[in-house]
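Structure first, commentary second.
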Amino acid sequence: MKRLKNIIKPNLVLLFATVIFSALLTSCKEDSKPKLLMVTEATFPPYEYHQNGKIIGIDPEIIQEIARRIGYDLVIEDMSFDSIITAVQTGKADIAASGITVTEERKQRIAFTVPYVMSEQLIIVPEKTDIRKPADLKGKRIGVQHGSTSDLYVAKHFQNPQRFANAALGVAALVSGKLDAVVLDGGPAKVHSARNPGLKLLPEALVHEEYAFVLNKKDKELLTKINGALTAMKEEGLVDEIIRKYEAEMKRQEQEKKKEKQSFLNALGDSIEINFIRDKRYMFLVRGFLITLQISFFAVIMGIIIGFGVAIIRSTADQTGKLKFANTLCKIYLTVIRGTPVVVQLLIIYFVIFGSVDVDKVLVAIIAFGINSGAYVAEIIRSGIMSIDKGQLEAGRSLGLSYPQTMFYIILPQAFKNVLPALGNEFIVLLKETSVSGYIALQDLTKGGDIIRSQTYDAFLPLIAVALIYLAVVMLFTHLLGILEGKLKKNE
Ligand code: ARG
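In this text, residue positions in the sequence shown follow my numbering: the first is 27, and each later residue adds one.
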């Protein structure tokens, strides 16, 4: 047992150090002004996009100025577009600024500010195409961003579109020939089509729209303040100025890209430069990796604690007939958790259970994955306990040990050793399952790769890099587990 401790201890210290370090990295300074939490989906240039590790664009800049004028400190969070309105509606965020179109249906659930810009839905097609006007979209493979007005429009007037988490992924699918057209808001449609040489825009708009910011219906006072500031900014011409500034910036980036195309020939080197080095994009992977580690590490610990607890209750109930009520609760827990997908559990914990309280999302993920893993660990440990010969329990008892003593000193250590490979398996699964954290807008490793993908339209390198990092962690873990198993065997 001492040896076991010696192996585990240094590794634990190392992991704790990583975790604390990454917590420091992600935490931000405290300030006295109230916080204004803005949510957005930042693959929507020029309205919102990532650059040099920051979310910038027309929306962040307008909201930043509004926050300054009404005395708030702005915090920006990136999440999937289809979660944005829910986040405001459930009080998770104060304001949504994400090129959001005003629609009657949305007005029933949330409040809009005064509009700040006109927009339209445009159609992006390949250079060579038989789609010339909107009506030609009938029967074609059309890509849209999930939950956007493009999505609603195409579904209503044409056919079911192919829904992508963000517009850039749809554009990437169009580039690689998996779609015939992408329907997208004018601003980003111009940027995305200009950045991809094989694509063009149809001149005719599908429909005209108006953007506004979104607030919770309950926040009447805040809405009045924001409307006041926004109206003033519009009158001063500041809103138009910000819009022109970013449109000019898009043009500049386009020119830069064109120049590069001529001077670079080395495809892979170029690709590495664009996907990882430029704008410090590798930081999406580094930060994502730290979040993935943080979530997995604490979820594993939580899973083990829950798992052991449940397994002991279940076996005790089986063997002694005691703890009936606790046993029933455990059975319900196992059924519910193992009977539903972890993504759904994560979303329920985030949006329903912690719906109206402000909790750290990493913590939410740890709780969700911890509770989930606990169920599987419980059954693994229980099978370990059952694998120990009944005679051992009797022997322990006849030596004068109590039932708990026999359990802790005789049964559990052997059970643990027997199920070590199965436990290792469970932790590997857990690590990889955390890749759905992006659903609650956590920027874990997978999401980090997605953000790069949405900026570079390159599926290959970002996905391969993400896969290699997971693989490396799993291999390292398997190796450590092997050492642990060996040491345990020697101790026999
Ligand atoms: N205007 C469209 C809508 O309201 C799409 C907005 C998408 N915005 C974004 N940041 N991804 O549905």
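For each residue, glycine too, the CB sits at the ideal point set by N, CA and C.
The alpha helix (DSSP H) enclosing residue i, as first and last residue numbers
i    : result
V362 : 350-365
G263 : No alpha helix (DSSP H) holds G263; DSSP gives it neither H nor E.
S176 : 175-183
E131 : 130-133
E236 : No alpha helix (DSSP H) contains E236, which is instead part of the beta strand (DSSP E) from 233-237.
Y73  : Looking at the DSSP string, Y73 is not in any alpha helix (DSSP H), and its letter there is neither H nor E.
K473 : 471-482
L195 : 193-201
K516 : 486-516
K416 : 416-424
8 Å Cβ cutoff, residue i in contact with chain B
i    : result
V388 : Judged by its chain identifiers, the structure shown contains no chain B, having just a single protein chain.
For residue j and residue i, the rounded distance between their alpha carbons
i    : j    : result
A181 : P187 : 6 Å
E131 : E280 : 36 Å
L50  : R313 : Bear in mind that the predicted position of L50 carries a pLDDT of just 49, short of 50, making it too unreliable to give a figure here.
S3   : V326 : In this structure the chain extends from 27 to 518, so residue 3 is not present and cannot be described.
Y73  : S322 : 34 Å
T346 : R408 : 15 Å
R364 : H234 : 47 Å
C54  : Q185 : Because the pLDDT of C54 is 43, which lies under 50, any placement of that residue in the model is unreliable, and the number read from its coordinates should be weighed accordingly. Near 45 Å, if we compare the C-alpha coordinates of Q185 and C54.
A498 : V492 : 10 Å
S106 : L373 : 13 Å
A274 : P447 : 58 Å
K350 : A394 : 26 Å
L438 : G83  : 57 Å
Q171 : V114 : 19 Å
P141 : L228 : 26 Å
G417 : K515 : 22 Å
D415 : S341 : 13 Å
L507 : F442 : 13 Å
I397 : P71  : 38 Å
Y179 : Y402 : 43 Å
T504 : G512 : 12 Å
G329 : V390 : 14 Å
S399 : G333 : 8 Å
E56  : L100 : Confidence in E56 is poor, its pLDDT being 48 and thus under 50, which makes the residue's placement unreliable; the coordinate value appears in the next sentence. Taking the straight line from one Cα to the other gives about 12 Å.
K285 : V362 : 57 Å
D120 : K246 : 12 Å
Contact belief for residue i with residue j at Cβ below 8 Å, rounded distance in angstroms
i    : j    : result
I81  : A93  : Contact doesn't hold; Cβ gap of about 14 Å is too wide.
G213 : G125 : 7 Å
L232 : I150 : That belief does not hold up - the Cβ atoms of L232 and I150 are roughly 12 Å apart, past 8 Å.
N353 : A343 : 4 Å
L360 : A404 : 7 Å
T139 : A238 : 5 Å
A293 : A485 : The Cβ separation is near 15 Å, so there is no contact.
Nearest neighbour of residue i, chosen from the options [CA to CA]
i    : options                : result
G475 : E87, G329, Y308, N242  : Y308
S145 : V170, Q279, N398, K216 : K216
P223 : K513, S202, D211       : S202
Y483 : L195, E87, A161        : L195
T444 : G117, T127, I411       : In the sequence under discussion, the amino acid at residue 444 is Asn, which differs from the Thr named in the question. The shortest Cα separation from N444 among G117, T127, I411 belongs to I411.
R221 : Q481, Y496, A485       : Q481
L241 : T361, V492, E518, I136 : I136
D386 : K118, K260, P71        : K118
D177 : D211, A161, A199       : D211
A123 : L62, F434, N517, R189  : L62
Y496 : K515, K513, V455, F486 : V455
G464 : G335, A191, I397       : A191
I490 : L100, F302, I317, E87  : F302
E299 : T127, L502, K226, I478 : I478
G335 : K133, L316, E247, K357 : K357
V500 : N517, A421, Q147, F315 : F315
A258 : I88, M64, I509, P160   : I88
H183 : D104, A161, K226       : A161
Range of the contiguous beta strand (DSSP E) that encloses residue i
i    : result
E103 : 99-104
Q147 : 143-152
Y402 : No beta strand (DSSP E) contains Y402, which is instead part of the alpha helix (DSSP H) from 387-413.
V170 : 168-171
F190 : 188-190
K61  : 61-66
I82  : 80-82
A562 : Nothing about residue 562 can be reported from this structure: the residues present for the chain run from 27 to 518 only.
Y435 : Element bounds for Y435: n/a, residue is neither H nor E.
K226 : 225-227
Check: residue i C-beta below 7 Å from any heavy atom of the ligand SAM
i    : result
S413 : Looking for the ligand SAM in the displayed structure turns up nothing; the ligands present are the ligand ARG.
Legend entry - the segment 452-467 / the segment 366-376 touching (three or more Cβ pairs under 8 Å): Flag = yes, the segment 452-467 and the segment 366-376 touch.
Inset, instruction - Would you check if the segment 468-483 and the segment 436-454 touch, i.e. whether three or more CB-CB distances between them fall below 8 Å? - result: By the criterion of at least three beta-carbon pairs nearer than 8 Å, the segment 436-454 is not in contact with the segment 468-483.
Inset, instruction - Could you tell me whether the segment 204-214 touches the segment 163-174, using the rule of 3 or more Cβ pairs below 8 Å? - result: With a cut-off of 8 Å, the segment 163-174 and the segment 204-214 count as touching, because enough Cβ pairs lie within range.
Inset, instruction - Evaluate the contact criterion for the segment 145-156 versus the segment 259-279: three or more CB pairs, one atom per stretch, below 8 Å. - result: Short answer: they don't touch.
Legend entry - Inter-stretch contact at 8 Å, needing at least 3 Cβ pairs: the segment 85-102 / the segment 246-266: Yes, they touch.
Inset, instruction - Check whether the segment 380-390 touches the segment 424-440, counting contact only when three or more Cβ pairs, one atom from each stretch, lie closer than 8 Å. - result: The count of Cβ pairs closer than 8 Å, one atom from the segment 380-390 and one from the segment 424-440, stays below three, leaving the stretches out of contact.
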